[in-house]
Amino acid sequence: MNIGIKHRAALFLLAVLLMIPASPLSVSGHALAASALPADLQGHWAEEVLSRWLEQGLISGFADGKIRPDQPVTRAEWMAMVNGRFGLAAEAGTLAFADVKPAAWYAAAAAAAVRQGYITGYADGTLRPNAAVTRAEAAVMLGRLGQLEPAVEAASFTDSLPAWSKDAVGAVVGAGWMNGYSDGTFRGATALTRAEAAVTLDRTFAAIQKAEKSESLSGDMDRPGVYGPTEGTAEISGDAAIRTDGVTLQNTVVKGNLTIAEDIGSGEVHLWGVTVEGQLRVIGGGINSVYLWNTAANQLVVDKEDGKVRIVASGDTTLDTTDLFSGAILEEHEMSGGGQGFVLINVASQAAKSSLVQLRGEAETVRVAASGIRLELLSGQIGRLEVLSGAINNVVYLAQGTKIIVAVLSSPVTFEGPGQVLQKILGYEVQGGSGRRSHSGGGSTTPTNPPDPPDPEPTVTKLVYSPEKLEFDGVGHEISVALTAVLSNGAEVKATETADWYSEDEAVATVAQGTATSQGEGETWIGAKYGGLTVRIPVKVSVPQTPVPTVTKLVYSPEKLEFDGLGEQARLTLKALLSDGSEADVTEAVLYSWDPTIITFENGVFTSFGEGESSIFALYQGLSVRIPVKVSVPPAAAPAYRAALSATPGDSVAGAEINLTLRVEKSDGSLDTGFSGTKKITISGVEQALDSSYGTLAGTILTGSSGEADLLFTDGEATFTFALNKADLQRLAFAVEGVVIPTDEFAITIAPAAAAQLQIATQPSGSVASGETFAVQPVVEVMDAYGNPVKDSLSVGVSVSGETAALTGTTSVQTTDGRASFTDLGLVGGDSTVTLQFTAGSLPSAASSPITVRAFSAGDGTADTPYVITTAAQLDSIRYHLNGHFVLGGDIDLSGYSGGLGWTPIGISNAGFTGTLDGQGFTIRRLTSLRPGGASIGLFGYIDGATITNLNLSDVNVLGYMYVGGLVGYMNTGTVSGVHAENVTINGTSENLWFAGGLIGNMAAGTINRSSATAVNLNATYYLGGLVGATGAASSITESYSSGELFINGANLGGLVGTNSGTITDSYSLANITGASSTAGGLLGINRGAVLNSYAAGSFYSNAVQLGGLIGATDGGAVTGSYYDSDATGQTDTGKGMPKTTAEMQQQSTFASSGWNFTSTWAIDAGGYPYLKWQRP
């Protein structure tokens, strides 16, 4: 049984309740106990369970002696059965349900069920006690009662269950409390029978008993729970103590004393089947505290400080001696099996004054030694009350119906209440008369005064009821009767619920606990028996009669009978409109024909007999209607009147054969079976397919939109085939030779056949420059064998023939409505002619027209007509035309060449670029060339006599070992003019790099004019310059500059040039210098040439051996009219340039004295360094 830990408390409560013997329970409104097994139980599938329930008093039969096991159980009966099986005590009180009256027999059971929480009312404020309980509802209530965890996965039944019941059904089935049927269903909507209810509750009872295992025994029970075995008996050899509430001790023998300690406070303790051979001591507990069932103890000692402790003895419980050292509540409840309850009760003298002792039950002897206490007998009797000498100021209260058989009084006692003392024996001196007399109090001693005679038991003298007569105006209504018993002592007792009620005719009315329910029309009596008297109350049930409606009108359908020939039949529907607005079918009307020569009537069917017009009459309940009739006889049908299709064919696909049947009809629409033989048919309206075909007719190929064929007609019909090749909606006409109306028309939709071929609907441009996309993009159609576009989506791919060019763009496109439209195809390659091949799966490929690939966008590479470069691919093609002349036609983005090693530099040492490149002010962006260990790295690897002008480079990232520059790795000779590189990053492998410059790595000879390298980030070892790494003697740099961050871990670092052997004129550097172990300078690292009118103003962070604000070291070189910022560089060396402060460096006069040309070469703004005029034209 799958029960979660959090539900063990609920199961514990149920287990406790299950140990309390249930009271005999009747689950019907009026039931009688059966002495023998009822006839309707013999052989019943639930005989064993129900017979046991009868023996245990858990269920009883009806007035007719039957159990009615297959009768649906009502909600009221279900509550009584659940409460009885689980020992839930009935509760008094009023429930807030409109249909539960306080006097109803089931009211107390309903109160207990609602309090327990397993049943709830409905949204309309009712409980519906007389409604049947469905299997789904029973599952929900058992799930609530046991607080089972939801388990919807267990409810895998084939029939549907209400959503509100699935979890509960799964839980109770998983727990084994309910089962499904052999066909895999649960039948949640089926009403639960009385037999099913008893078996289900019996199974639940057994499952809970089996599941609730006790914890191991110990002498000290300080945690809530169940101690002791479920079956068999355990033993505690010494003393034991219960130190917390919520403890149940069961099936255990305690050899020593058992103490219910004060630690339990006002909590509860349960002893089930416990034998205490020593003392049972009760020191703790409250008014609902100690429950003893089937428990035995020689001595019970109660000593609760506040006296508020309740001890309930039930079942086979015997307590030989009970010693009260404090107040207590002692109760005997449902004693059985020879249990004697409280045998001897001693109220010890140590009991505090004002202590209250209450007793419910039958005690053999109560002995009072205490003074100033109050003893209350609330129910039952005391066999012998002994008040010992010295026990004074005590009060004994006897409730109604209670009695003391003998009271032996050795001290005065005050008796209160309506109960009786049958015999008093006084054992103390009574004041009065002539003197004092002492009595021993023995039964044989003659008292001074004779004992008081016992009060007679009152008897019932009369039964009074209200109302005196019950009258119902419908079935299912309820009326409650108030029954009062008048006693012989004048008292009145409410007897409604305790009387034995019966009905003399339950078909008219039933009664239960004073509430009568009307069942059917008639008169009867209900009765009540109480105290030996019987009353009969008349009952009358009236059911209002509904007046019988009358017929007000007859209506019929159809409104007119028309026949198109003789022998045709028809029926007539006749209805009556009634006075209450309803209508009824009429089956007993009188129908007849006015003229049987035209229309006849027999067995409800009208048959046309002759041509003409007549009437039919219908008579019913005094009303009549006339229905007109017309019989027409058509003329003889003309043969070969009309050609028609026997059925319109469904849609088809191109080229597929279609079966068709032509029929020839007579003028009346019937088939002309006499039309036979070979006949010529004609088809027209056939549309031409894109491949110029039409289709076939009866196996003959159609050559146009119409065609003929000879068909064999048999009995008016001819079947043939035809096919259509055009995929479209086609409207066709067929004509049959020799027929009055020879043509029939229809429309048919033809879908494309399977894909069979590719066709290029739009040819790509016939010429394209390398790297460019086609101005006209190709469109390819996927067609069937007849040229119809295929609607299915297919993937069309494209490739290029040969190896002289490569495709760019998207080379695979999905078709839409049979068309694959390319959008960004282009070619990369040298001058060549190629074709494009289009493929789709296994279909034959389609080739484009020849395409001319131009290496460049325009020009022939001569000086007069240079090649125009507009794409990265075209720029890459310079390497195939090293002596050509080129101009840029737009900006170039080289990011497509950044993968792997990146861009391959143009030109090598024995095959350098010797032509010209005019950038025309355009920019080449995102150049990446990463070649560890490589030499001559840059846009151009090696130039030899080339001219590069008017070009911008941006975002350059190169890596190599030797001769590395943003524009050129190695310049053997040539001219660079108007070339500007920005955001240049140059690195070496493991910081090992020789001859590196922001623009040129090494410049053996040639000129650089009006060029720059800015935002340069260089990291090298030897010969590092912001513009050029090193220059040869035949080189010159004029009007150029550099800026950025330069790092070196070796020697020969200069802000503009690392090592200069040529001439530098009118140039400057703002580059910041870091590192250098040997030689570093703000403008040059080493100068072996000439420097004129130039300056440096970058920062300086170096520990080099040879440092200079302008030049690190000179090796035979000359410096004229050149300066450096001593503040910025932190240097003050002379002889290699003149140091000036920042303020001086920002004054024109500083430089004019050296002959600087501020007219056409230099310019300076206030607060700034000099700059070259070409920088700001």
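Going left to right, the sequence shown walks through residues -33 to -1, 1 to 1144 as mature numbering (1 follows the signal peptide of the UniProt record, and there is no 0) numbers them. Note that the Cβ used here is the ideal one computed from N, Cα and C, for glycine as well.
Collapsing the DSSP output to three states places L352 in a strand.
Rounded to whole angstroms, T242 and A208 show a C-alpha spacing of 14 Å. Sequence-distant partners of A623 (beyond 5 residues in either direction) whose C-beta falls short of 8 Å from its own C-beta, in its chain, are A690, A720. According to DSSP, residue pairing for R248 in a beta bridge involves T226, V268.
With a cutoff of 8 Å on beta-carbon distance, A604 and K633 are scored as near each other. In terms of CA proximity to A358, K320 leads the group G1042, K320, Q348.
Close CB contacts of T332 within its chain, under the 6 Å cut and outside five residues either way in sequence, are with L311, R351 (chain order).
In the DSSP assignment, no residue is bridged to Y608.
In terms of Cα proximity to P1144, the closest of W1129, G863, Y1136 is W1129. DSSP places R161 within a helical segment (H, G or I) once states are collapsed to three.
Per DSSP, Q804 lies in no alpha helix (DSSP H); the unbroken beta strand (DSSP E) holding it starts and ends at 803 to 806. Runs of alpha helix (DSSP H) with 4 or more residues, each lying fully within the region 829 to 869, are found at 839 to 843, listed in chain order. In this structure, D126 lies away from R102, with their beta-carbon atoms at least 8 Å apart. Of all alpha-carbon atoms in A6, M929, F1067, the one lying nearest the alpha-carbon of M970 is that of M929. Taking the Cα of N218 as reference, the smallest distance to any Cα among T226, G240, R210 is reached at G240. The Cβ neighbour count for A483, taken over all protein chains shown within 10 Å, is at least 16; the residue is labelled buried.
In the structure shown, the three-state DSSP call for K68 is coil. For a cut-off of 8 Å, the C-beta gap from G274 to S316 is around 15 Å, too long to register as a contact. A Cβ-Cβ contact shorter than 8 Å links G662 with V653.
As computed with DSSP, Y1008 is found in a beta bridge with S979, Y1035. At the C-beta level, A280 and L259 come within 8 Å of one another. Every unbroken stretch of the beta strand (DSSP E) spanning 3 or more residues and falling wholly within the region 274 to 358 is given here in chain order: 277 to 282, 285 to 291, 295 to 302, 308 to 314, 323 to 335, 341 to 354. Judged by DSSP secondary structure, N1124 falls outside any alpha helix (DSSP H); it is assigned neither H nor E. About 5 Å separates the Cβ atoms of V431 and T451, confirming a contact at the 8 Å cut-off.
Taking the CA atoms as reference points, T87 sits about 22 Å from A118. With distances taken between CA atoms, T567 lies nearest to L533 out of L533, L545, T771.
Taking the Cα positions, G764 is about 5 Å away from T806.
Excluding the 5 residues flanking it on each side, Y587 has same chain C-beta neighbours closer than 8 Å at V518, L521, L541, A543, V553, E555, A556, V557, in chain order.
Under the DSSP assignment, W45 falls outside any beta strand (DSSP E), being part of the alpha helix (DSSP H) whose first and last residues are 42 to 53. L168 and L8 have their alpha carbons spaced roughly 18 Å apart. The beta carbon of A1085 sits closer than 6 Å to those of A1057, all from its chain and outside the five residues before and after it, given in chain order. As the crow flies, the alpha-carbon of T800 is around 49 Å from that of G1029. Excluding the 5 residues flanking it on each side, Y989 has same chain C-beta neighbours closer than 7 Å at W961, G1017, A1018, N1019, in chain order. DSSP, read as helix, strand or coil, puts L168 in helix.
For W20, the enclosing alpha helix (DSSP H) has its first and last residue at 14 to 23.
Looking at the DSSP output, H11 bridges to nothing.
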